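**Student:** If you read the sequences in order, they're chains A and B. For the first sequence, position 63 (counting from the first letter as 1) is numbered 181 according to my numbering, and the numbering increases by one without interruption. For the second sequence, position 108 (counting from the first letter as 1) is numbered 226 according to my numbering, and the numbering increases by one without interruption. Where a beta carbon is used, it is the ideal one built from N, C-alpha and C, also for glycine. Small disclaimer: the values here were computed from a predicted structure and weren't measured.
2 protein chains.
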Amino acid sequence: MRRDSRLSRMLHVLLHMARHDGPMTSDMIAGMLRTNPVVVRRTMAGLRNAGYVRSEKGHGGGWVLACDLDKITLLDVHRAVGGPQIFAIGNESGAPHCLVEKLVNQAVEDALHEAEALLIARFGAVSLGQLARDFDACYEGPR
Amino acid sequence: MRRDSRLSRMLHVLLHMARHDGPMTSDMIAGMLRTNPVVVRRTMAGLRNAGYVRSEKGHGGGWVLACDLDKITLLDVHRAVGGPQIFAIGNESGAPHCLVEKLVNQAVEDALHEAEALLIARFGAVSLGQLARDFDACYEGPR
DNA sequence: ACATCATGATACATGCAATGTTACATGATT
DNA sequence: AATCATGTAACATTGCATGTATCATGATGT
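1. Taking any Cβ of chain B, which residues in the segment 196-218 of chain A have a Cβ under 9 Å from it, in chain order?
2. Let me know the secondary structure DSSP gives Thr143/A once reduced to three states.
3. What are the complete beta strand (DSSP E) segments, minimum 3 residues, inside the segment 155-239 of chain B?
4. Where Gly164/B and Val131/B are concerned, what is the direct C-alpha to C-alpha distance, given to the nearest angstrom?
5. Which of helix, strand or coil does DSSP assign to Ser272/A?
6. Considering only the beta carbon of each residue, do Arg121/A and Ile207/B sit closer than 9 Å?
7. Can you confirm whether His130/A, when its beta carbon is compared against all beta carbons of chain B, has any partner nearer than 9 Å?
8. In its own chain, which residues sit with a C-beta less than 7 Å from the C-beta of Val244/A, not counting the 5 before and 5 after it?
9. Between Lys220/A, Ala184/A and Val156/A, which lies nearest to Tyr257/B when the distance is taken from Cα to Cα?
10. Cutting at 8 Å between CB atoms, please list the residues of its own chain near Arg261/A, excluding the five before and the five after it.
11. I need the straight-line Cα distance from Ser123/A to Glu174/A, nearest angstrom please.
12. Would you mind stating whether Glu210/B and Leu236/A have Cβ atoms separated by less than 9 Å?
13. Count the other C-beta atoms from every protein chain shown that fall within 10 angstroms of the C-beta of Val156/A, then say buried if there are 16 or more, exposed otherwise.
14. Ignore the nearest five residues each way along the sequence and tell me which others in Ala168/A's own chain have a CB closer than 6 Å to its CB.
15. Candidates Asp186/A, Glu234/A, Thr153/A and Phe205/A: which alpha carbon is nearest Arg137/A's?
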């Protein structure tokens with residue numbers, strides 16, 4: 119399976135939207151992401167449903183931010199794009215009949231759950247506003 | 119993508135091998151895992167290369183443990199089956215041209231690396247010997 | 001020797017989910 | 001009315017684990 123990059127992509131887009139006057143079209147965004155405008159609309163539909171962006175049709179239309187970047191965390195975006203499976207490894211699907219399998223699955227899942235909890239906590243602790251300020255601090259030089 | 123269950127499957131097999139006298143054939147193991155003997159040989163080849171099991175051909179042949187379960191951790195097995203990608207999410211493949219993208223990728227990767235480090239540590243801290251003893255304690259009743 | 005059993009190895013098929021692509025409908029602006 | 005942009009549906013592509021078929025190789029038992 120290919121790696122799911124929707125989170126990164128949407129973070130990338132949202133930061134650019136914050137630094138851009140007026141709406142951005144799906145074509146512009148697709149150019150930035152080196153992909154197809156349909157992929158952009160499909161993915162950003164989740165952000166719109168969550169209330170983070172709005173979209174307008176017609177001349178001068180496109181995508182605009184609908185809330186403060188400080189109100190959005192990485193976790194929010196992760197969930198807005200569908201909250202996909204985090205891990206590529208895991209147990210077989212069905213409930214195990216075998217007691218050994220049960221214990222083994224539990225051991226693996228326990229570790230995965232711990233790692234997931236840490237990841238979710240980290241994602242929840244970083245806001246897009248903070249990322250935007252980090253960017254300014256890094257690339258626009260000190261004042 | 120389907121979830122990679124080679125780690126769980128191999129742990130399951132190794133614990134059964136420890137509780138089984140004599141070699142186990144790929145057919146027996148395939149029955150336990152509800153899969154195909156070719157899949158078993160393919161996956162267990164990694165364990166053999168790592169020295170955790172041996173395989174013998176012909177009558178009375180099959181798979182046998184080649185070392186103490188206390189010497190094998192979940193991490194060892196994870197690596198022996200190929201040390202596959204842990205996460206289903208991540209950044210786009212190529213190196214980013216855009217500075218915003220660079221920063222965003224870094225933020226996501228930092229969180230992923232932390233979670234991965236925790237998972238690897240947890241996997242490395244659990245031995246198959248310990249799992250076997252846990253099993254006995256749980257399912258064979260107290261003495 | 002010879003039949004049988006089991007692994008080793010190769011080649012190809014399948015399933016699944018994100019991604020890519022095409023096509024057309026809908027609504028807003030000029 | 002023409003143009004622009006999104007919304008949606010349908011289908012193709014890709015990557016990877018898994019499933020499957022087939023034959024070669026080596027070990028064991030008669």
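**Tutor:** Walking through what the data contain:
1. His196, Pro202, Gln203, Ile204, Phe205, Ala206, Ile207, Gly208, Asn209, Glu210, Ser211, Gly212, Pro214, Cys216, Leu217 and Val218
2. Against the first sequence, residue 143/A aligns to sequence position 25. Correct three-state label for Thr143/A: coil.
3. 171-174 and 180-183
4. As a working mapping, residue 164/B is identified with position 46 in the second sequence. As a working mapping, residue 131/B is identified with position 13 in the second sequence. C-alpha separation (whole angstroms): 13 Å.
5. No information on residue 272/A is available, as it lies outside the stretch 119 to 261 that chain A covers here.
6. Residue numbering aside, residue 121/A sits at position 3 when the first sequence is read from its first letter. Residue numbering aside, residue 207/B sits at position 89 when the second sequence is read from its first letter. It is a contact, given that the beta carbons lie within the stated cut-off.
7. Residue mapping note: residue 130/A aligns to position 12 of the first sequence, counting from 1. Cβ-Cβ to chain B under 9 Å: yes for His130/A.
8. Here residue 244/A refers to the residue found at position 126 of the first sequence. Answer for Val244/A: Thr191 and Leu192, listed in chain order.
9. Here residue 257/B refers to the residue found at position 139 of the second sequence. Looking at the Cα atoms, Lys220/A is the closest of the given residues.
10. Here residue 261/A refers to the residue found at position 143 when the first sequence is read from its first residue. Note that Arg261/A has pLDDT 49, beneath the 50 cutoff, so the model's placement of it is unreliable and no number is given.
11. As a position in the first sequence, residue 123/A is number 5, starting the count at 1. As a position in the first sequence, residue 174/A is number 56, starting the count at 1. If I take the Cα positions, the gap works out to 25 Å.
12. Position 92 of the second sequence, counting from 1, holds the residue named residue 210/B. Position 118 of the first sequence, counting from 1, holds the residue named residue 236/A. Contact flag unset, no.
13. As a first step, residue 156/A is located in the first sequence; it is residue number 38 there, counting from the start. It counts as exposed.
14. Taking the first residue of the first sequence as position 1, residue 168/A is located at position 50. Here the set comprises Ala198.
15. As a position in the first sequence, residue 137/A is number 19, starting the count at 1. Nearest option by C-alpha distance: Asp186/A.
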